[in-house]
Amino acid sequence: MNQKIKVLLIDTIGWITSICIIFFFFTLWLYSYNQIDNPLKEAWSLMVSILSALATIGAAIIAASLFNDWRDSQTGLNRSELARNTQTSLYKLVSYLDYYHKYVMTQKHLWNSKNFPEISKNLIDQAEKIPNECEERRSIFRNECEELYKQFLIDLKIYEKTFDSDLNLDLDRIRHYRGCIGGMLRDLSQSKSAFELNAMTNHLKNSEKLFNKEILDIVTSEMSQYINLKVK
Numbered sequence: 015m016n017q018k019i020k021v022l023l024i025d026t027i028g029w030i031t032s033i034c035i036i037f038f039f040f041t042l043w044l045y046s047y048n049q050i051d052n053p054l055k056e057a058w059s060l061m062v063s064i065l066s067a068l069a070t071i072g073a074a075i076i077a078a079s080l081f082n083d084w085r086d087s088q089t090g091l092n093r094s095e096l097a098r099n100t101q102t103s104l105y106k107l108v109s110y111l112d113y114y115h116k117y118v119m120t121q122k123h124l125w126n127s128k129n130f131p132e133i134s135k136n137l138i139d140q141a142e143k144i145p146n147e148c149e150e151r152r153s154i155f156r157n158e159c160e161e162l163y164k165q166f167l168i169d170l171k172i173y174e175k176t177f178d179s180d181l182n183l184d185l186d187r188i189r190h191y192r193g194c195i196g197g198m199l200r201d202l203s204q205s206k207s208a209f210e211l212n213a214m215t216n217h218l219k220n221s222e223k224l225f226n227k228e229i230l231d232i233v234t235s236e237m238s239q240y241i242n243l244k245v246k
């Protein structure tokens with residue numbers, strides 16, 4: 015049994031017993047003083063009635079306390095679940111963005127190195143396939159990333175509305191970061207120069223830093239208060 019309920023139960027029984035004892039002896043004295051027939055019996059009968067009423071009140075108090083504890087527990091469980099949903103959907107989006115971030119950087123390095131005299135014929139052949147591969151991946155990235163982004167927004171809004179909170183996230187940081195990854199896929203598909211690819215790389219690095227600082231860190235800080243789920 016919950017310690018709080020134990021204390022409440024003991025206190026309730028204590029004050030009911032105290033009131034009944036005081037009431038019994040007061041009534042017995044009053045009936046005896048007024049020479050009522052069978053004062054002990056009458057006092058006892060009246061005390062039983064009072065005890066029944068007080069027991070009902072005590073039971074109501076304990077029931078209300080149990081309900082409040084249950085409600086608080088359910089609220090905590092609900093918040094934990096919604097926080098987990100929000101953080102999980104963000105982590106899915108983060109993992110997807112990280113995968114494509116690494117992909118475009120690897121493809122960029124391979125593409126820029128294809129003209130090096132010491133590069134092997136096999137790597138040159140791989141580099142020549144990059145424009146077509148990146149063109150195919152552009153639409154896949156755009157569509158799948160949009161679905162993950164929408165799911166995160168849904169979970170975030172449910173969390174904020176349910177608990178009347180506003181994380182005040184700058185969602186443009188997400189759009190900018192994924193836009194830079196999409197821009198790298200576009201530039202690679204169009205066989206852009208090393209200078210142009212390096213310029214887009216700088217934008218990509220800056221957008222990742224802002225995304226981590228203004229989206230990932232804020233959401234993780236908020237949700238980790240209620241769940242034990244952290245980025246590895």
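Counting in the working numbering, the sequence shown runs from 15 upward without gaps. Quick reminder that beta carbons are idealized off the backbone N, C-alpha and C, glycines included.
Within the same chain, show all residues whose beta-carbon is closer than 6 Å to that of L60, passing over the 5 residues directly before and after it, in chain order. T41
Residues in its own chain within less than 7 Å of M237 by CB, not counting five upstream and five downstream? A97, T100 and Q101
Please report the Cβ distance between Y47 and A57, rounded to the nearest whole angstrom; I am assuming they are in contact, meaning their Cβ atoms lie under 8 Å. With a Cβ gap of about 12 Å, Y47 and A57 do not count as contacting.
Rounded to the nearest angstrom, what separates I35 and Q17 at their Cα positions? 27 Å
So, with DSSP's three-state summary, where would you put I154? helix
Taking the continuous alpha helix (DSSP H) assigned at D201, which residues delimit it? D186 to S203
Give the straight-line distance between the Cα atoms of K118 and S205, rounded to the nearest whole angstrom. The sequence given here has Val at residue 118, not Lys. Cα-Cα distance, rounded: 13 Å.
Among residues of its own chain, excluding the 5 on either side of S221, which ones have a beta-carbon nearer than 8 Å to its beta-carbon? R187, H190, Y191, G193 and C194
Can you tell me the Cα-Cα spacing of K128 and E142, whole angstroms? 8 Å
Taking C-beta to C-beta, are E228 and D169 nearer than 7 Å? If you check the CB distance, E228 and D169 do not come in under 7 Å.
Which class does N182 belong to by DSSP, given the choice of helix, strand or coil? coil
Are L104 and F177 closer than 7 Å when you measure CB to CB? If you check the CB distance, L104 and F177 do not come in under 7 Å.
Counting C-beta neighbours from all protein chains within 10 Å, is the total for L107 16 or more, i.e. buried, or is it exposed? buried
What's the gap between the Cα of L54 and the Cα of N92? 56 Å
Three-state secondary structure (DSSP) at D25? Helix, per DSSP.
Check each candidate in W43, K122, Q239 and K175 and name the one with the smallest Cα separation from M214. K122
DSSP state of Q49, grouped into three classes? coil
Spatial distance of N157 from C148 (CA atoms): 14 Å
Closest to L22 by C-alpha separation, out of F39, A74, I33 and F37, would be which residue? A74
Quick check on E228: does DSSP put it in helix, strand or coil? helix
Give the single residue among N216, W43 and S32 whose Cα lies nearest to the Cα of A69. Relative to A69, the option among N216, W43 and S32 whose CA is nearest is S32.
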